[in-house]
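S.K.: Questions regarding the structure given below will be posed in turn.
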Amino acid sequence: MSRRSLRCPIRSRATTPARISTFPPDGKFLYGSNRGHDSLVVCRIDPNNGLLEPVEYAPTLGGHPRNFAVSPDGRFVLVANRDGNHIVTFSRDADTGKLLPTGSELRVSKPVCVRFAAFASE
Numbered sequence: 001m002s003r004r005s006l007r008c009p010i011r012s013r014a015t016t017p018a019r020i021s022t023f024p025p026d027g028k029f030l031y032g033s034n035r036g037h038d039s040l041v042v043c044r045i046d047p048n049n050g051l052l053e054p055v056e057y058a059p060t061l062g063g064h065p066r067n068f069a070v071s072p073d074g075r076f077v078l079v080a081n082r083d084g085n086h087i088v089t090f091s092r093d094a095d096t097g098k099l100l101p102t103g104s105e106l107r108v109s110k111p112v113c114v115r116f117a118a119f120a121s122e
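Residue 75 in the UniProt record's numbering sits at position 75 of the sequence shown, and the numbers go up by one each step.
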């Protein structure tokens with residue numbers, strides 16, 4: 001894919017562009033954080049031409065989504081809302097790419113990074 005094909009056609013009300021982007025394991029969608037809009041932009045990747053199709057702006061339920069991560073199985077997304085002082089969990093619809101808040105959050109001061117880690121069992 002060219003850099004041009006990765007531009008999302010959704011117009012943001014934010015004054016800052018999407019800062020962090022990632023793909024879920026299935027490679028069907030692209031997610032990007034909009035820090036000035038306090039949302040994640042969700043775009044479907046057209047499998048025929050690689051262009052992005054808008055799906056939604058998902059509110060992150062907190063201020064300044066500094067970082068986010070998709071779980072290795074693609075079922076969940078964690079969002080670190082720096083100015084909201086919490087990490088919020090969303091479930092991810094594998095067919096539509098849309099995000100739904102689970103109601104689970106972790107209160108933490110100024111989170112700036114989240115990652116999923118695998119641990120070996122003994």
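Where is the CB? At the ideal position from N, CA and C, for every residue including glycine.
1. How long is the line joining the alpha carbons of Ser-45 and Val-112, rounded to whole angstroms?
2. So for Arg-7, helix, strand or coil by DSSP?
3. Would you mind giving the Cβ-Cβ distance between Gly-32 and Val-41, rounded to the nearest angstrom? I have them listed as a contact below 8 Å.
4. Assuming Asp-93 contacts Gly-62 under a Cβ cut-off of 8 Å, what Cβ separation, rounded to an integer in Å, is found between them?
5. Taking all protein chains shown into account, decide if Ala-118 is buried (16 or more other Cβ within 10 angstroms of its Cβ) or exposed.
6. Sort out for me which residues DSSP pairs Asn-34 with in a bridge.
7. Taking 8 Å as the line, does the beta carbon of Ala-94 fall inside it for any heavy atom of the ligand ADP?
8. Look up Pro-47 in the DSSP assignment and say whether it is helix, strand or coil.
9. Rounded to a whole number of angstroms, what is the C-alpha to C-alpha distance between Gly-50 and Val-88?
M.R.: Put simply:
1. According to the sequence displayed, residue 45 carries Ile and not Ser. Ile-45 and Val-112: Cα-Cα distance of roughly 27 Å.
2. Per-residue confidence for Arg-7 stands at a pLDDT of 45, beneath the threshold of 50, marking its modelled position as unreliable; the derived number appears in the next sentence. Looking at Arg-7 - three-state DSSP - the assignment turns out to be coil, as it is neither helix nor strand.
3. Indeed, because the Cβ distance is near 5 Å, the residues count as touching under 8 Å.
4. Your pair Asp-93 and Gly-62 does not check out as a contact, with CB atoms roughly 21 Å apart and the cut at 8 Å.
5. It is exposed - the Cβ of Ala-118 has fewer than 16 other Cβ atoms within 10 Å.
6. Beta bridge pairing from DSSP links Asn-34 with Ser-39.
7. Looking for the ligand ADP in the displayed structure turns up nothing, as the structure carries no ligands at all.
8. Assigned with DSSP and collapsed to three states, Pro-47 falls in coil, not helix or strand.
9. Their backbone Cα atoms lie some 30 Å apart in a straight line.
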